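Student:
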Amino acid sequence: MLESRMRWKDNSSRPSAQEPMGLGVSPLVEQLLVQRGITSEEAAKRFLHPSLEDLHSPELISDIDVAAERIHAAVEQGEKILVFGDYDADGVSSTVVLLEALRELGADCDYYIPNRFTEGYGPNEAAFRAAKDNGYQLIVTVDTGIAANHEAEVAKQIGIDLIITDHHEVQEAVPDAVAVVHPKCSPDYPFHELAGVGVAFKLAHYLLGYFPKQLLDLVVIGTIADLVPLVDENRVLAAEGLKAIASSTRPGIRALRDSCGLDGVVTEEDIGFKIGPRINAVGRLQDADLAVELMLAASYEEAAEMAEEIQSLNTERQNIVAKIAKEAEAMVREQSAEDSSHVIIVAKEGWNEGVLGIVASKLVRTFDRPAIVLAIHPEKGTAKGSARSIDAFDLFHHCMQVRDHFVAFGGHSQAAGMTLELEQVERLRKALNQMAAESLSAKDFKQTLAIDLSVAVDDVSIDLIKDMAQLAPFGMQNPKPLVKLTSQMREVKLIGANKNHLKFVFAEDNVQLDGVCFGQGELFPFLTPADDLEVVGELSINEWNGRQKPQILIEDVAIRSWQLFDHRGSKQLQKVVHIKDEEETAVVRFRPNTDLSWLSDQIRVLDFETEGLANAAGNIKAVILADLPRRIKDITYALQHIQPDLIYTCYDVKENAYLQGFPDRDQFKIFYAIVLKQKTIDYRQLEDYLKNSRGWSPERTKFISDVFFELEFVKLDKDQISINQNPSKRDLADSKVYQGLKEAIEVEKILYYSGYKELRAWLERVLERGEVIEEEAVNGL
Numbered sequence: 000m001l002e003s004r005m006r007w008k009d010n011s012s013r014p015s016a017q018e019p020m021g022l023g024v025s026p027l028v029e030q031l032l033v034q035r036g037i038t039s040e041e042a043a044k045r046f047l048h049p050s051l052e053d054l055h056s057p058e059l060i061s062d063i064d065v066a067a068e069r070i071h072a073a074v075e076q077g078e079k080i081l082v083f084g085d086y087d088a089d090g091v092s093s094t095v096v097l098l099e100a101l102r103e104l105g106a107d108c109d110y111y112i113p114n115r116f117t118e119g120y121g122p123n124e125a126a127f128r129a130a131k132d133n134g135y136q137l138i139v140t141v142d143t144g145i146a147a148n149h150e151a152e153v154a155k156q157i158g159i160d161l162i163i164t165d166h167h168e169v170q171e172a173v174p175d176a177v178a179v180v181h182p183k184c185s186p187d188y189p190f191h192e193l194a195g196v197g198v199a200f201k202l203a204h205y206l207l208g209y210f211p212k213q214l215l216d217l218v219v220i221g222t223i224a225d226l227v228p229l230v231d232e233n234r235v236l237a238a239e240g241l242k243a244i245a246s247s248t249r250p251g252i253r254a255l256r257d258s259c260g261l262d263g264v265v266t267e268e269d270i271g272f273k274i275g276p277r278i279n280a281v282g283r284l285q286d287a288d289l290a291v292e293l294m295l296a297a298s299y300e301e302a303a304e305m306a307e308e309i310q311s312l313n314t315e316r317q318n319i320v321a322k323i324a325k326e327a328e329a330m331v332r333e334q335s336a337e338d339s340s341h342v343i344i345v346a347k348e349g350w351n352e353g354v355l356g357i358v359a360s361k362l363v364r365t366f367d368r369p370a371i372v373l374a375i376h377p378e379k380g381t382a383k384g385s386a387r388s389i390d391a392f393d394l395f396h397h398c399m400q401v402r403d404h405f406v407a408f409g410g411h412s413q414a415a416g417m418t419l420e421l422e423q424v425e426r427l428r429k430a431l432n433q434m435a436a437e438s439l440s441a442k443d444f445k446q447t448l449a450i451d452l453s454v455a456v457d458d459v460s461i462d463l464i465k466d467m468a469q470l471a472p473f474g475m476q477n478p479k480p481l482v483k484l485t486s487q488m489r490e491v492k493l494i495g496a497n498k499n500h501l502k503f504v505f506a507e508d509n510v511q512l513d514g515v516c517f518g519q520g521e522l523f524p525f526l527t528p529a530d531d532l533e534v535v536g537e538l539s540i541n542e543w544n545g546r547q548k549p550q551i552l553i554e555d556v557a558i559r560s561w562q563l564f565d566h567r568g569s570k571q572l573q574k575v576v577h578i579k580d581e582e583e584t585a586v587v588r589f590r591p592n593t594d595l596s597w598l599s600d601q602i603r604v605l606d607f608e609t610e611g612l613a614n615a616a617g618n619i620k621a622v623i624l625a626d627l628p629r630r631i632k633d634i635t636y637a638l639q640h641i642q643p644d645l646i647y648t649c650y651d652v653k654e655n656a657y658l659q660g661f662p663d664r665d666q667f668k669i670f671y672a673i674v675l676k677q678k679t680i681d682y683r684q685l686e687d688y689l690k691n692s693r694g695w696s697p698e699r700t701k702f703i704s705d706v707f708f709e710l711e712f713v714k715l716d717k718d719q720i721s722i723n724q725n726p727s728k729r730d731l732a733d734s735k736v737y738q739g740l741k742e743a744i745e746v747e748k749i750l751y752y753s754g755y756k757e758l759r760a761w762l763e764r765v766l767e768r769g770e771v772i773e774e775e776a777v778n779g780l
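So the sequence shown is numbered by numbering that gives the first Met the number 0: it starts at 0 and just counts up by one.
#1: Taking the CB atoms as reference points, tell me whether L452 and P480 lie closer together than 8 Å.
#2: To the nearest angstrom, how far is the alpha carbon of G409 from that of K483?
#3: Using only CA atoms, which one of A296, N351, L522 lies nearest to K322?
#4: With a cut-off of 8 Å on the beta carbons, I'd call D555 and L448 a contact; round off their distance for me.
#5: Starting from the Cα of E75, find the closest Cα among D367, D716, E103 and give me that residue.
#6: Less than 8 Å between the C-beta atoms of K183 and V169, yes or no?
#7: Is it right to say Q601 is buried, meaning 16 or more other beta carbons lie within 10 angstroms of its own, or is it exposed?
#8: According to DSSP, which residues form a beta bridge with Y636?
#9: Evaluate the contact criterion for the stretch 678-689 versus the stretch 656-665: three or more CB pairs, one atom per stretch, below 8 Å.
#10: Among the residues of its own chain, which have a CB less than 6 Å from the CB of I344, if the five just before and after it don't count?
#11: Decide yes or no for the touch test of the stretch 438-446 against the stretch 413-426: beta carbon pairs closer than 8 Å, at least 3 of them.
#12: Are the beta-carbon atoms belonging to E608 and R590 less than 8 Å from one another?
#13: Ignoring anything shorter than 3 residues or poking outside the stretch 479-533, list the beta strand (DSSP E) runs there in chain order.
#14: Just list the residues that DSSP pairs K347 with in beta bridges.
#15: State the CB to CB distance for the pair D565 and T648, rounded to an integer number of angstroms; the pair is presumed to be in contact (CB under 8 Å).
#16: Please look up how many angstroms separate the CB atoms of D508 and D457, rounded, as I've assumed it's under 8 Å.
#17: Taking C-alpha atoms, which residue in E40, V230, R69 lies nearest to H55?
#18: Any idea if L362 is buried or exposed, counting beta-carbon neighbours within 10 angstroms, 16 or more meaning buried?
#19: In the structure shown, what three-state DSSP assignment does L762 receive?
#20: On a Cα-Cα basis, can you pick out the residue from N592, F272, P57 that is closest to C259?
#21: For S721, which of helix, strand or coil comes out of DSSP?
#22: Is V622 helix, strand or coil when you go by DSSP?
#23: At the level of alpha carbons, what is the spacing between N778 and K632?
#24: From I553, N133, Y299, P189, pick the residue whose C-alpha is nearest to that of G158; which is it?
#25: Can you tell me whether E711 is helix, strand or coil according to DSSP?
#26: Could you check whether I270 and A290 sit closer than 8 Å to each other, using their CB atoms as the reference points?
#27: Take E698 as the anchor and find which of A656, Q724, L715 has the nearest alpha-carbon.
#28: Please classify G754 as buried or exposed, where buried requires at least 16 neighbouring CB atoms within 10 angstroms.
#29: For S438, name the three-state secondary structure that DSSP assigns.
#30: Please report the distance separating the alpha-carbon of S539 from that of D462.
#31: Nearest CA to the CA of N499: which residue from L101, P57, V515, R368?
#32: For K570, does the three-state DSSP call read helix, strand or coil?
#33: With a CB to CB cut of under 6 Å and the five nearest residues on each side skipped, what residues in its chain are close to K714?
#34: Would you list the one or two residues that DSSP bridges to A386?
#35: In chain order, what residues of the same chain have a beta carbon less than 8 Å from the beta carbon of R69, not counting five sequence neighbours either side?
#36: Assuming F200 is part of the alpha helix (DSSP H), what are its boundary residues?
So this is what it looks like as structure tokens:
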């Protein structure tokens, strides 16, 4: 058996629509729609064909009218307006969206994004006072501000009007501002999950009095990069925005596309893994102004120069992340089990704050634990950083339970940012570990794969994959469909320069399907030819030399049945035998002198002849058969007693009884007749005679001689063999030597000279729970 790395949540058995919805897509795709809560033909068509007509009116957002009235008044009166943004991709795109709308209105406006390292996240008093000194009379926040209660009070004190537009979680109190434009603070607004740029876009729409389609190429960046749910309005904005960004003539967007190597269609993955990270890299390493200026660039030449600089920053960011992640992982492994048993907290002086969220995500994936990564500032006596969580642990909720531990805190269920005093780090560690211990079970720490469909090899086709693509853009709450495939693999091999990936070929009847599993080459030794594999992954189209083939990109693998690892006759067992868990493995040794020097000392040894299975108690999942038993019933008893999930056959043949064969009765008669005629004959002379005249091996002659001697049909005096004149009437089968060879032949025939499939079939019978195989019933394959 091979356990899956992740916890599989199988949704594939959920009922599909009772009647086809007439959408012209595969029934499997209709099943996917139903699983996403889309059960009517009308809703399905809206989902498959997102339209700008399905967007909600911005008028429904609370305070948007008050905000617009104040902004229009500022424009008319020539007041200076400051757009106060955030340093991530959502904040940057939000800033540019509102700036462009204000400039179109003729506003005297500029922007300000705080420096992550010197000012931290969100509005701050010093920035507001500087804005006042620079003549600004109105500040409009984008993608930030919902937790800025103190800053709102400062704005009132110094005579600046404040409008907040945000989408983050609302904390204890809403800031006292001229207007708070926030979907979650708007009871009449139907959708509460807009990104910060989505909220800014709604305000821009309301301010301009028409739908500003020209801003969609910006809206899509923040919407996808900020990982908001891609449903309802976000799905429309993402779908239309992807079209807009692919055809955008905005110099900054064109330069970004070229820098990312994007030509033609732009997908949500291009935003999430190429464009978004580049924009984020700027604010992670310095202030984010360069990213804003790129989007506002007037010429392609100017934009291309900035895009090149951003590319360089992104490369630097990747190197910094790799270094910190390596250090953080080492720290986790050195911590006591108590310190990181449920929630990981690591902190170090000198770490770059801007990348700690990425590092935290890596720790979550590596250790399957919520992770907080902090940069220590000894001169301030504080630690500042980011946190990421697992599905089962609501980070925002639990951190809010210990809000007094933080100087500053904000975020949502799966991600957060925080600052705390150094003496609070250990207190936070203890508090969160205790809460996690009380609320989580062992299975909660395994990452979850939500399976949408169960498919067979012959279900998978190019047409099905193209139908599934109509569900894009994929993202939060509309993930790429994961399918479970159960099939026997025809072939598996290691691929890649470092041989760390797996390539599978699955086959049913005359249909084949390729599978690729990246980064899990360590599983190769634990896959055997007859395994029925269960794999979970995404279906995709592999294009090579103009030819398209369906394939499955595998994320996880499991084998539910017992496995046979066949190493019979191997001369280098120490190299070919791979043990997954030594504590759950035992060796069954049927002959006391069998050499086990090639095995780890940690593995239990069960000596069958001297101890039986007295020490077989406990959790034995894997059995190594180190030698051949003398009798079939010995191995039958051992395996039925232990009932292992894994069997390693690691024995060789010493006697080769099966190849020598068993003498027939005529050969016994010939031997006896010769001795009877001669009365007494020298054994060596008899051996030579039978070898030369009959072609008998010395072993054959000795065996027959031993049987007759045991049954007292002949006598052996030194080298002279003679007839016993008064033998008892006994059958050849009464001889233990006779029975021993018969057993040895049967043992070798079944356990050594059989093919893999035949041996597995025989062991399958032995392992059937509750079945007892008697010795007499075992007479072949």
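For glycine and all other residues, C-beta sits at the position ideal for the given N, C-alpha and C. Source: prediction; values computed, not measured.
Tutor: Inspection of the coordinates gives the following:
#1: Yes, the pair counts as a contact, with Cβ atoms nearer than the cut-off.
#2: Take the alpha-carbon of G409 and the one of K483: they are about 37 Å apart.
#3: Measuring from the Cα of K322, the nearest candidate turns out to be N351.
#4: Rounded, the Cβ-Cβ distance is 6 Å, consistent with contact.
#5: Measuring from the Cα of E75, the nearest candidate turns out to be E103.
#6: Against a cut-off of 8 Å, the Cβ pair of V169 and K183 comes out as a contact.
#7: Under a 10 Å Cβ-count criterion, Q601 is classified as exposed, with fewer than 16 other Cβ atoms of the shown protein chains found around its own Cβ.
#8: As DSSP reads the structure, Y636 sits in no beta bridge.
#9: Segment contact: the stretch 678-689 against the stretch 656-665, fewer than three CB-CB distances shorter than 8 Å; contact not assigned.
#10: Once the five neighbours on either side are set aside, the close Cβ partners of I344 are I371, R428.
#11: These segments do not touch.
#12: Yes, they are a contact pair.
#13: Listed in chain order, the complete beta strand (DSSP E) runs (minimum 3 residues) inside the stretch 479-533 are 482-494, 500-507, 510-516.
#14: Within the DSSP bridge table, the entry for K347 names A374 as partners.
#15: That pair is a contact at about 5 Å.
#16: With a Cβ gap of about 7 Å, D508 and D457 count as contacting.
#17: For H55, the nearest C-alpha among the options comes from V230.
#18: Its Cβ being crowded by 16 or more others within 10 Å, L362 is buried.
#19: L762: helix per DSSP, three-state reduction.
#20: Nearest C-alpha to C259: F272.
#21: Here S721 sits in strand by DSSP.
#22: DSSP places V622 in strand when its eight states are reduced to three.
#23: Confidence at N778 is low in this model, with a pLDDT of 28, below 50, so its placement is unreliable and the value that follows should be read with caution. Per the coordinates, the alpha-carbon of N778 lies some 11 Å from the alpha-carbon of K632.
#24: It is N133 whose Cα lies nearest to the Cα of G158.
#25: Correct three-state label for E711: coil.
#26: In this structure, A290 lies away from I270, with their beta-carbon atoms at least 8 Å apart.
#27: In terms of Cα proximity to E698, the closest of A656, Q724, L715 is A656.
#28: The residue in question, G754, is exposed, as its Cβ has fewer than 16 Cβ neighbours within 10 Å.
#29: Collapsing the DSSP output to three states places S438 in a helix.
#30: C-alpha separation (whole angstroms): 11 Å.
#31: The shortest Cα separation from N499 among L101, P57, V515, R368 belongs to V515.
#32: Coil.
#33: Contacts found: S721, N723.
#34: Answer by DSSP bridge pairing, in chain order: I371, A415.
#35: Listed in chain order, the non-local C-beta contacts of R69 below 8 Å within the same chain comprise L137, D160, I162, V177, A178, local neighbours out to five positions each way being set aside.
#36: First-last of the alpha helix (DSSP H) with F200: 195-207.
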